[in-house]
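Working notes for the structure below.
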Amino acid sequence: MVGGALGVALLAGVQLAPNASAAGVTTLYYSSAGAPDYVTQIDQAAANWNAAVTDIRLVEGGSATIVFHETDDGQGSYTSTDGHGHGQIYLDRQQVAEGFAPTRIAAHELGHNLGLSDDYSGPCSEIMSGHGPGTSCTNAVPDAAEAAQVQQNWANGFTPAKPEKVVG
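Here the sequence shown stands for residues -22 to -1, 1 to 146, numbered as in mature numbering (1 follows the signal peptide of the UniProt record, and there is no 0).
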C-alpha cells in the first residue's frame, strides 16, 4: 500500500502525455544517474523500446520512477519492479566484464519494468532471453512479440504502483 507523499512521488514520474486519454501515450521517466558508466547504453536501450512501441515513451529525467544503479557484486543484473513503470534496476559491472552487452542488459531490465517476464531459453532475437543465449548475443531490440505484449500491457495507460518483486 502506497500512501501520502510517497504515493504522490510515485505518481509524479509516470504521466499521460498532454491531451492523452487513458489509452494514450504514457510517459515513463527514468534516471541513469546511479549508473554513470552506462548512460549511453541505457539511453540506447530506452530509444530501442521507444522505437518498438507506441503506448509508452521512456524519457530520461523528470520525476523518475525507473532508476538505474551500478553494482559490482557478481550477482548479475536485476530489477525490483511492479512490472508497470516503477522499479530499481541494478546493472552488474562484473556481468559486463564477463562479456555481456550492457545495452542488451538495460533493454532486458527495462522490459521487466514494462511488464515482461524472463524467457532464458528464448533465442537471441528476444531481449527477454537475457543471458540465456550467451555473451555472443548483443541484440538490444525488442522483437515483435515482446513489443506487442508491452502494447497490450500498457493499452489502458498508467495504473497505481503495485508491490515490487525482484526479477533477473
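For every residue, glycine included, the Cβ atom is placed at its ideal position computed from N, Cα and C. Bear in mind that the values here come from a model prediction, so they are computed numbers and not experimental data.
Out of the options, which one is the CA nearest neighbour of residue i?
i, options, result
"residue 2", "144, 145 and 134", "134"
"residue 19", "58, 62 and 117", "117"
"residue 30", "144, 123 and 145", "123"
"residue 69", "131, 62 and 17", "17"
"residue 85", "119, 101, 61 and 98", "119"
"residue 41", "64, 21 and 113", "64"
"residue 44", "26, 56, 81 and 66", "66"
"residue 27", "47, 145 and 81", "81"
"residue 15", "37, 47 and 78", "47"
"residue 57", "79, 83, 100 and 101", "83"
Where residue i and residue j are concerned, what is the direct C-alpha to C-alpha distance, given to the nearest angstrom?
i, j, result
"residue 51", "residue 74", "12 Å"
"residue 8", "residue 106", "19 Å"
"residue 5", "residue 49", "27 Å"
"residue 10", "residue 24", "11 Å"
"residue 54", "residue 108", "11 Å"
"residue 129", "residue 95", "15 Å"
"residue 22", "residue 93", "19 Å"
"residue 204", "residue 110", "The first residue shown for the chain is -22 and the last is 146, placing residue 204 beyond what the model contains."
"residue 71", "residue 131", "30 Å"
Would you call residue i buried or exposed, if buried means 16 or more other Cβ atoms sit within 10 Å of its Cβ?
i, result
"residue 33", "buried"
"residue 126", "exposed"
"residue 59", "buried"
"residue 98", "exposed"
"residue 89", "buried"
"residue 104", "buried"
For the alpha helix (DSSP H) holding residue i, just list the boundary residues, first then last.
i, result
"residue 75", "71 to 75"
"residue 86", "80 to 91"
Along the beta strand (DSSP E) that carries residue i, what are the first and last residues, could you check?
i, result
"residue 133", "Counting along the chain, residue 133 falls outside any beta strand (DSSP E), and DSSP gives it neither H nor E."
"residue 20", "Run containing residue 20: none in the beta strand (DSSP E); it sits in the alpha helix (DSSP H), 17 to 30."
"residue 40", "From DSSP, residue 40 is part of no beta strand (DSSP E); its letter is neither H nor E."
"residue 99", "Residue 99 -> no beta strand (DSSP E), and no H or E assigned at all."
"residue 6", "4 to 12"
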